[in-house]
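Residue numbers (this note's numbering): 15 to 271. Every residue, glycine too, gets a C-beta built ideally from N, C-alpha and C. Please read these numbers as outputs of a predicted model, since none were measured by experiment.
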């Protein structure tokens with residue numbers, strides 16, 4: 015059995031995390047940054063964000079990345095990113111009601127793609143390495159469909175993440191595909207994207223169409239030979255139909271929307 019902790023994908027992720035440590039070492043929130051003491055936290059906690067490299071408590075880390083109203087969200091994100099990234103990959107970041115897509119929203123609010131080249135490259139490599147490692151891990155701390163939502167929202171693009179998944183033709187990746195399809199099918203059959211979209215540049219309908227088309231195209235070949243996926247494959251087939259052809263099909267699950 016493969017030791018997940020010693021695979022090329024895991025080693026790549028370890029290097030990406032180390033790169034974040036190096037790239038963002040010494041970063042702080044802006045000296046003039048403010049927050050509401052009543053709703054966010056104390057002045058002493060805010061002061062921790064203006065000092066470099068000290069470890070934040072899990073609760074303070076959560077309140078920091080979820081806060082939507084920083085004056086300079088990018089600076090705050092750079093301050094917490096090394097610790098935040100390690101917490102993410104170990105499954106230590108508690109999901110919100112809307113899933114891990116909200117973490118992607120926090121990345122997007124920081125406008126990280128506009129940071130200096132070495133900083134944005136380090137974030138890109140972290141996301142790509144985490145995605146690759148999640149796909150090869152039989153039991154990733156964060157489910158693959160949640161990592162996909164996070165990466166899509168953080169990068170405002172879906173296609174490249176799906177392309178990596180499609181190219182990885184093995185049983186572990188296929189198992190994640192079955193789990194993701196089971197999670198997505200209710201929303202996709204209702205013509206809804208299975209996660210919340212924050213950035214208006216991330217066109218919800220375009221993302222839904224792209225995800226549905228990819229699933230309908232890829233899933234039958236990858237899951238068709240596996241026992242126990244027959245009903246799921248029928249629902250995936252229905253995602254590719256519209257109107258009465260979908261609803262009147264004998265395999266329509268009689269969902270109500």
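On a CA-only basis, which of the options is nearest residue i? Give me that one, please.
i, options, result
"residue 101", "81, 254, 203, 71", "71"
"residue 90", "43, 155, 29", "43"
"residue 205", "224, 188, 191, 212", "224"
"residue 198", "158, 235, 169, 24", "158"
"residue 188", "150, 245, 203", "150"
"residue 270", "174, 60, 200, 138", "200"
"residue 245", "107, 22, 258, 192", "192"
"residue 239", "230, 185, 226, 130", "185"
"residue 94", "110, 73, 109", "73"
"residue 282", "129, 26, 29, 190", "This structure cannot settle anything about residue 282, because the visible part of the chain is limited to 15 through 271."
Please work out which residues of its chain come closer than 8 Å, Cβ to Cβ, to residue i, disregarding the five sequence neighbours upstream and downstream, and give them in chain order.
i, result
"residue 35", "96"
"residue 161", "114, 144, 145, 148, 154"
"residue 53", "none"
"residue 243", "192, 237"
Give a yes or no on whether the C-beta atoms belonging to residue i and residue j are separated by under 9 Å.
i, j, result
"residue 228", "residue 176", "yes"
"residue 179", "residue 118", "no"
"residue 137", "residue 103", "no"
"residue 112", "residue 75", "no"
"residue 80", "residue 120", "yes"
"residue 172", "residue 203", "no"
"residue 140", "residue 221", "no"
"residue 87", "residue 124", "yes"
"residue 248", "residue 268", "no"
"residue 168", "residue 122", "yes"
"residue 59", "residue 84", "no"
With a cut-off of 8 Å on the beta carbons, I'd call residue i and residue j a contact; round off their distance for me.
i, j, result
"residue 195", "residue 163", "Wrong, their Cβ atoms sit about 14 Å apart, outside the cutoff."
"residue 64", "residue 77", "Not confirmed; about 15 Å, so no contact."
Identify, in the order they occur along the chain, each residue of the same chain with its Cβ nearer than 6 Å to the Cβ of residue i, setting aside the five sequence neighbours on each side.
i, result
"residue 92", "38, 41"
"residue 15", "Reliability fails at residue 15, whose pLDDT of 45 lies under 50, so the model's placement of it is uncertain and the value that follows must be treated cautiously. No residues qualify anywhere along the chain."
"residue 165", "141, 145, 175"
"residue 254", "230"
"residue 107", "101"
By Cβ distance below 7 Å, which residues in the same chain neighbour residue i in space, the five residues on each side in sequence not counted?
i, result
"residue 20", "none"
"residue 127", "134"
"residue 68", "62"
For residue i, decide whether its Cβ has a neighbour in chain D, counting only Cβ atoms nearer than 9 Å.
i, result
"residue 19", "Given the protein chain composition of this structure (a single chain), no chain D is represented."
Give the list of continuous beta strand (DSSP E) stretches no shorter than 3 residues that lie fully inside the segment 80-125. List check, beta strand (DSSP E) in window: nothing returned.
As an exercise, report each continuous beta strand (DSSP E) stretch of at least 3 residues that is fully enclosed by the segment 185-253, in chain order. Listed in chain order, there is nothing to give.
If we require 4 or more residues per run, which alpha helix (DSSP H) segments fall completely within the segment 43-78? Here the runs fully enclosed are 57-63.
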